[in-house]
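Written below as structure tokens is the structure these notes are about.
Residue numbers (the numbering used here): 719 to 911.
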């Protein structure tokens, strides 16, 4: 692309393919690296803005904190300010941030390690929650199946009981008939009474 091209906020959002709020936050937080062209009250951004925002996006993807991003941007891009006094103040501020980080490297490394550990624990917790939800669904499904099997067993038990009752009645009827036949005299048997 041509270096003379100026971008509107809408153009930057389309170019970066990121939410507008994220771009706005980065433009505000890292304003000292963002080259701006003013056209009356309208603010336009130079091509270098896209490069700075891509670098910020790269660092944020690596989960680098804001202070470290500022220091890294200082190494890659010039500070863009209108007033030279402001430029010196910003450089001193960035140097102070970096020297503070360097003065306590063990603490910074410990904090980064803790942040990574917490993030890993959160990811594990999310995975465990997903596994527990899946197990709950499986248990609910098995409970429903067991309920269906229990209902089927109850139906079978009722049918068996009905058949036993029917056979018992038929047996009693046949037994009574045989006893009656047995108690008849030979004359009654002959006559068929």
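Glycine included, C-beta positions come from ideal geometry on N, C-alpha and C.
Local Cβ density within 10 Å of residue i, reported as buried at 16 or more and exposed below that
i: residue 904; result: exposed
i: residue 803; result: Interpretation of residue 803 is limited by its pLDDT of 46, a score under 50 that renders its predicted location unreliable; the figure taken from the coordinates is listed afterwards. Exposed, by the Cβ-count rule.
i: residue 750; result: buried
i: residue 861; result: exposed
i: residue 878; result: exposed
i: residue 908; result: exposed
i: residue 752; result: buried
i: residue 844; result: exposed
i: residue 881; result: exposed
i: residue 829; result: exposed
i: residue 846; result: exposed
i: residue 716; result: Nothing about residue 716 can be read from this structure; the chain reaches only from 719 to 911.
i: residue 745; result: buried
i: residue 787; result: buried
i: residue 898; result: exposed
Start-to-end residues for the alpha helix (DSSP H) that takes in residue i
i: residue 789; result: 784–794
i: residue 771; result: 766–779
i: residue 745; result: 738–747
i: residue 907; result: 904–909
In DSSP terms, what residue i is bridged to
i: residue 726; result: Paired residues: none, contrary to the question.
i: residue 757; result: 760
Beta-carbon gap between residue i and residue j smaller than 9 Å
i: residue 773; j: residue 762; result: no
i: residue 734; j: residue 775; result: yes
i: residue 784; j: residue 838; result: no
i: residue 781; j: residue 833; result: yes
Supposed contact pair residue j and residue i - C-beta distance, whole angstroms, cut 8 Å
i: residue 797; j: residue 771; result: So it is not a contact: roughly 16 Å between Cβ atoms.
i: residue 730; j: residue 779; result: About 18 Å separates the two Cβ atoms, so there is no contact after all.
i: residue 765; j: residue 723; result: 6 Å
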